[in-house]
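Quick note: the sequence shown uses full-length UniProt numbering, first residue 1, plus one each step. Here a beta-carbon is modelled for each residue, glycine too, at the ideal position from N, C-alpha and C. Bear in mind the structure is a predicted one, so any value in this text is a computation, not a measurement. Below is one structure, written out as structure tokens, with a few remarks after it.
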Amino acid sequence: MILSVSSRPRKPFAAVKRPTSSPPAFATENADALPLPSDPCSGAYNKGAPNSGAPNSGASNKGAPNLKEGGRVPMNSATISAIEWGTLVGQRPRQAGCNSRLAVHGNDVQVPLARITTTDGTSGFGACRPLTQQEAHAYLGERVDDLIDAANGVAPRAAALEFPLWDLQGQRTGRPVYQLLAESAGKTVSEPPLVRCYDTSLYIDDLHLATDEEGAALIASEARFGYEHGHRSFKIKVGRGARHMPLLEGNRRDAAVIRAVRAEVGPDAAILIDANNGYNLNISKLILAETADCNLFWLEEAFHEDGALYEDLHDWIEREGLSTKIADGEGLASPMLLDYARDGFVDIIQYDIFSHGMTNWLETGARLDRWDVGTAPHHYGRHIGNYVSGHLAAAVDGFLFIEWDEVSTPGLDGSAYQVDEGYVLMPDAPGFALNLDEELFQKAVASNGFAVRQ
């Protein structure tokens, strides 16, 4: 089916980053007919193993630009000589509590990483799903330029290594990933993107407190902590009445928390709420009505995706004169979600940056730009997403926010990225501008991972 842009009017988004120039190169009149993966949240991770005979519909070196001037080595020469895989462990500054569905998330964060080394001595690393040694070994000897190129991104058969490959390509060419992504989208970037971010740490941490006043004060103090550390946008977990509290009491506590956070961070901060599908249509309206004076930026995952209900909610928001956006897509979203966005009653898509993948996001983001739908990839629980997702802003005009999941991980240096007055400036350095502590990474490889070499 060829998708058409709905005539439903949209309210414009506030500017959240420096503007980019021309539209994506693949934004042709029939581009909306291009297929996405059948499960948009799964990316291409299951589309064929290396050397399995699966077609390489992604990277091709035919007609690829010669990036020799900005890089270390000529293209079309290096092959993969080694892959190392291991999991580092990070910690949050405080325990993350519940959401509407799940119990306490805890302090520890698993950070699975893969590093690729090539025959020219260049290496790149990044987030990676669990790999077996057999899977990793099958990539040895593969030409890098058969797995990633400027025109097509990462080949589907190499999607498990997508983020290490983007970093590797940046290291080989001496360019930041945001420049590579912009080039893939047919754009030119003259300066590093300055990208808005939000503090995603305001979980349901107050269930031990008896009164709404105490609970709201606790979450407001967490928002104050984020504000003092540079944040100016905040996402609050809501939906206490879905599981953790009686329904009416939970709704009342949700509203009290929202009002307390607004009072704490002031009128100019963006406040986002996330129900993790713990509301229904009527509860969504109730909470938005009770907090109308709080000027909520978005309501995320209000309930399981339903086109009729989302259209009803969207129309109700407009009739009430509210500016709140409807956001969805972080989890196992309905395959109809993009249709709902195209038709004008979902405003922001949040496919996970790692599950959907950067290459798929280039195509999805181009569609969303044409529909005036916002882009805000999820990555909570894999905090390396703090550092990689903002690079997509150079390629997608409607990129709204980096989800900032504050975690300290020994062995992973992300100090090139700093939150300042609600924004993060993408580093003007090769790849993702991240560094590994070699000793700690090798300990992880030895204790919970593996290395394969030619």
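Using beta-carbon positions only, say whether residue i and residue j come within less than 9 Å of one another.
i    : j    : result
G331 : D352 : yes
S284 : L247 : no
A327 : E300 : yes
R92  : A242 : no
E403 : S389 : yes
W298 : D343 : no
A138 : I384 : no
K237 : N386 : no
G368 : A341 : Looking at the sequence shown, residue 368 is not Gly but Leu. Yes, the Cβ-Cβ distance between L368 and A341 is below 9 Å.
A395 : A185 : yes
A160 : R129 : yes
Where does residue i fall in DSSP's three states?
i           : result
R232        : coil
K443        : helix
C294        : helix
H378        : strand
residue 462 : Residue 462 is absent from the model: the chain starts at 1 and stops at 454.
P430        : coil
V154        : strand
E249        : helix
D420        : strand
K285        : helix
D205        : coil
L392        : helix
N360        : helix
L322        : coil
L436        : strand
Could you pull out every residue in the same chain whose Cβ sits closer than 7 Å to the Cβ of residue i, ignoring the five residues on either side in sequence?
i    : result
A416 : P427, A429 and A433
S42  : At S42 the pLDDT is 36, less than 50, meaning the model places this residue with poor confidence; the figure from the coordinates comes in the next sentence. Result list for S42: S355, in chain order.
E438 : none
G226 : D199, S201 and F234
L281 : F303, L309, D312 and L313
Would you say residue i reaches chain B, if we count a Cβ-Cβ gap shorter than 9 Å as a contact?
i    : result
H314 : Chain labels in this structure do not include chain B; a single protein chain is all it has.
Quick check on the DSSP output: the alpha helix (DSSP H) that includes residue i runs from which residue to which?
i    : result
V407 : Unbroken run through V407: none, as it is neither H nor E.
S355 : I353 to H356
D199 : Looking at the DSSP string, D199 is not in any alpha helix (DSSP H); the run it does join, the beta strand (DSSP E), is L194 to L202.
A341 : L337 to R342
D328 : Per DSSP, D328 belongs to no alpha helix (DSSP H); it is in the beta strand (DSSP E), K325 to D328.
H314 : G307 to R319
D145 : Counting along the chain, D145 falls outside any alpha helix (DSSP H), and DSSP gives it neither H nor E.
E183 : V177 to S184
F163 : E162 to T173
H137 : Q133 to H137
Can you tell me the Cα-Cα spacing of residue i and residue j, whole angstroms?
i    : j    : result
E249 : G215 : 12 Å
W371 : L337 : 13 Å
K235 : F399 : 17 Å
P192 : L209 : 44 Å
D145 : L436 : 24 Å
P40  : H304 : Reliability of the predicted coordinates at P40 is poor, the pLDDT of 33 falling under 50, and no value is obtained from them.
F450 : L113 : 11 Å
F441 : G153 : 27 Å
F26  : G365 : Below a pLDDT of 50, predicted positions are generally treated as unreliable, and F26, at 25, falls in that range; no measurement from the model is reported.
V257 : I219 : 7 Å
D274 : R240 : 11 Å
G230 : S408 : 16 Å
I271 : R262 : 7 Å
K443 : G90  : 15 Å
Q454 : N277 : 47 Å
D212 : W316 : 28 Å
Q169 : G357 : 16 Å
Return the first residue and the last residue of the beta strand (DSSP E) that residue i is part of.
i           : result
D274        : A270 to D274
I80         : I80 to A96
residue 456 : The question about residue 456 has no answer here: the residues shown for the chain are numbered 1 through 454.
P112        : G106 to T118
I384        : Per DSSP, I384 belongs to no beta strand (DSSP E) and is neither H nor E.
L425        : Y423 to L425
A127        : S123 to A127
Less than 8 Å between C-beta atoms, sequence neighbours within five positions excluded: which residues of the same chain meet that for residue i?
i    : result
E222 : R94, S201, L202 and D205
D268 : R232
G414 : I384, N386, Y387 and L434
V419 : C197, H229, G230, H231 and W404
A289 : E320
Tell me which residues share the same chain as residue i and place their Cβ nearer than 6 Å to its Cβ, disregarding the 5 neighbours each side in the sequence.
i    : result
T122 : Q171 and R172
A136 : I83 and V452
Q179 : V189
V445 : E84, G86 and A451
E183 : A150
R115 : E84, S123 and F125
A302 : A275, Y279 and S284
S38  : Note that S38 has pLDDT 34, beneath the 50 cutoff, so the model's placement of it is unreliable and the number below is only indicative. Closer than 6 Å at the Cβ level, and outside the excluded window around S38, lies no residue.
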